[in-house]
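So in this note's numbering, spot 344 of the sequence shown is number 349, and the numbers just go up one at a time.
For reference, the structure discussed in these notes is given below.
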Amino acid sequence: MNLSKAVISRISMTLKTPFHTSLGTVTEREGLVLELYDENGICGLGEGVAFSAPWYTEETVETSMLMLQQYLLPLLFQDPIQHPEELTERFASVRGNPMAKAAVDMAVWDLYARQNERPLADCIGGTRSHALAGVAIGSKNLDDLLIQAERAMKEGYHRVKVKIRPGYDLVPLKALREHFPEIQILADANSAYTGYKEDLLALDGLGLQMIEQPFSPDDLAEHAAVQLEMTTPICLDESIYSYDSAVNAIRFKSCQVINLKIGRVGGVTPAKKIHDLCMGQGIQVWCGGMLEFGISRAHNVSLSLLPGFSIPGDLSASDRYWIEDITTPELTVDHGRVKPFRGDGIGVELNRKRLDEVTIERFEYKK
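Pasting the structure below:
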C-alpha cells in the first residue's frame, strides 16, 4: 500500500444532550482521528472510539494513543502491506487493545478502498441498498425520556434503545410502550443486573425487541441461564470483544442477538468475520454505536450494508449529538433509513476547519 505517514488528532466535543448509562454520564466526548497516507497522498480515515475513562471497557483515549504511538503504527510501517486482512497477523504480538487496533484497521480499509476507487461496502461484501437506523436514549428521568422518544418518532426512527438499571426499568419501559405502542424498544442494561436477576425477569412480558448485556461481560453462563427462562431475546454487547468470544457466546447459547461494534471487536475485518459466523449460526446482528464522530459512523454505515444486518442499528443522524461533526457530508436519517455515502472508501471527507477547532493535540508518524 506504500504508506508514507500517519497523523493522529486527539479531539474533544460537547454532546448536545448529556448521555446517561448505568455506568456513568458522558457530556464531553473525546476520541482519536487517524489519517493514514500513501505515497500518492491518498488518505484513509480511522477513529479511536475508546472513552476518556475505562467505564465501558479497559481501554481509554490515553491508552489508545499510547498503543498507536509506541506499538501499532511502528508495526504497521515495518513492512509493506497488500491487503487490510493482513493486519490480524501483523498485530498478533500485541495483546488486547481492540479499539486502538480498530482505528488502524478502519484507516487501512478506507485507504485500500480509495486506492481501488471503490466504496468500502463493496470491498467487504455489502449488498443492502440502505442501512436501518435506530436511536439510543440515555436519560435519567421519565419526562425527558418520553420527550426524546417522541422526537425520535417524528424524525422517522422505528427503534428506540433505552438505558436501564435496577430501579429505573419497569416504569419507563411500560410508559414507552403505552405512549408509543408501535415502536420497537430495546433495553440496554450495561451489565447493571448482576445480582438483580428477579428485576430482569420482571421485564419479560413487555414485548421488548431484546435486552442488551444484563450481566457482567465475563459471565456467559448467567446470560445463558437467564435466556432459558426468558422469551425476550438476550443480546450481548461488551461480552463480544473478538471472534473467539462470539464463538463461545454462541456455543454456550448465551444470546440470540449480538451487538456488533467495529471498535469493540478490533476492526472491520473481525467485525465482518463475526457477521459471517452469526449468519451461519442463526444469530441476529446489528451495528452498535459508541457516541462516535463522523468517521466511525461512516464505517458503521458501510458495515451495516452486509446482508445479515436486518435489525436497526445505532446509526442516528450526526445532528442528534453534535452541533457540527468533523466530517462532510454528515450522516442523515430518512424514515429510519440511511443511504450509503457516495464516493470511494467510506464516502466522507474531513471538515478540516472543524477538526482543527476541536483538536487538543496532534501526533505525526512518518515512515
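By construction, the Cβ of each residue, glycine as well, lies at the ideal position given by its N, Cα and C atoms.
Small disclaimer: the values here were computed from a predicted structure and weren't measured.
Express the C-alpha separation of residue j and residue i in angstroms, rounding to a whole number.
i    : j    : result
V353 : A230 : 44 Å
K166 : K372 : 44 Å
D148 : F96  : 47 Å
I328 : T19  : 8 Å
K258 : G285 : 15 Å
L208 : Q189 : 15 Å
L355 : A226 : 44 Å
L310 : D204 : 36 Å
Y42  : V12  : 8 Å
P124 : V306 : 11 Å
Q74  : E44  : 20 Å
T65  : D339 : 33 Å
V273 : Q153 : 31 Å
K159 : T337 : 14 Å
S321 : G299 : 11 Å
V31  : A157 : 20 Å
D224 : E362 : 42 Å
W60  : E243 : 11 Å
P238 : K344 : 28 Å
P219 : R119 : 40 Å
C283 : S221 : 22 Å
How would you label residue i, buried or exposed, when you count the other beta carbons within 10 angstroms and need 16 or more for buried?
i    : result
S196 : buried
H184 : exposed
V99  : exposed
E63  : exposed
G313 : buried
P23  : exposed
G130 : exposed
E122 : exposed
Q214 : buried
Identify the continuous beta strand (DSSP E) that holds residue i and give its terminal residues.
i    : result
R269 : Segment 267-270 is the alpha helix (DSSP H) holding R269; no beta strand (DSSP E) there.
A31  : In the sequence under discussion, the amino acid at residue 31 is Val, which differs from the Ala named in the question. Where V31 is concerned, the enclosing beta strand (DSSP E) stretches over 29-43.
A251 : First-last for A251: 248-256, but that is the alpha helix (DSSP H), not the beta strand (DSSP E).
E52  : 48-53
A189 : The sequence as given places Gln at residue 189; Ala does not occur at that position. That run of the beta strand (DSSP E) goes 189-193.
Can you tell me the Cβ-Cβ gap for residue i and residue j, rounded? I've got them flagged as a contact below 8 Å.
i    : j    : result
L37  : M6   : Their Cβ separation, rounded to whole angstroms, is 21 Å, which puts L37 and M6 out of contact at 8 Å.
G293 : D319 : 5 Å
G161 : V113 : With a Cβ gap of about 34 Å, G161 and V113 do not count as contacting.
I288 : I263 : 6 Å
E369 : K10  : 6 Å
Which residues does DSSP pair with residue i in a beta bridge?
i    : result
Y370 : A11
A141 : K166
G350 : P124
V262 : C240, Q289
T377 : What the structure shows of the chain is the stretch from 6 to 372, and residue 377 is not part of that stretch, so it cannot be assessed.
D339 : R342
Taking the continuous alpha helix (DSSP H) assigned at residue i, which residues delimit it?
i    : result
I316 : No alpha helix (DSSP H) contains I316, which DSSP labels as neither H nor E.
M158 : 147-159
D204 : 202-206
A374 : Past the edges of the chain, shown from 6 to 372, lies residue 374, and the structure says nothing about it.
I300 : 299-308
E94  : 92-95
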